[in-house]
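Structure, as structure tokens:
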Amino acid sequence: MADRKRNLKLARPQYTLGYGMRLDKGTAPELAHPQVSVTLPDGSEGRMTLHVMNGTPDEIKARLLDSVDAFFDIHAEAPELNNP
Numbered sequence: 049m050a051d052r053k054r055n056l057k058l059a060r061p062q063y064t065l066g067y068g069m070r071l072d073k074g075t076a077p078e079l080a081h082p083q084v085s086v087t088l089p090d091g092s093e094g095r096m097t098l099h100v101m102n103g104t105p106d107e108i109k110a111r112l113l114d115s116v117d118a119f120f121d122i123h124a125e126a127p128e129l130n131n132p
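What the sequence shown shows, in the numbering used here, is residues 49 to 132, in sequence order.
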């Protein structure tokens, strides 16, 4: 029995992360968060918020990395992601 337990692996839920990036010259209003329609991998329709950041490429990169960390911190606590 102990050998059987050692060979068991917990199945971890799988997810899909959708994202896109575009770097334009100039600035855009950062407080505007437009929504776009997306077709999800299962064929259903969803919506995605576009986030805008202004600054030098290095400043934007630093803010983007902070934003990605915050995204996963927030979603790690979401019950629907922890108990599919």
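Glycine included, every Cβ here is placed at the ideal spot set by N, Cα and C. Just so we're clear, the structure is a prediction, and the values are computed from it rather than from any experiment.
If the criterion is Cβ atoms closer than 8 Å, does the pair residue i and residue j meet it?
i	j	result
Met140	Gln83	For the chain, the structure presents residues 49 to 132; residue 140 sits outside this window and is missing.
His81	Leu98	yes
Asn102	Thr75	yes
Glu78	Thr87	no
If you run the structure through DSSP and keep just helix, strand and coil, what is residue i?
i	result
Asp60	Correcting the residue type first, residue 60 is Arg in the shown sequence and not Asp. Three-state result, Arg60: coil.
Val116	helix
Glu93	strand
So is residue i buried or exposed if we call it buried at 16+ other beta carbons inside 10 Å?
i	result
Asp117	exposed
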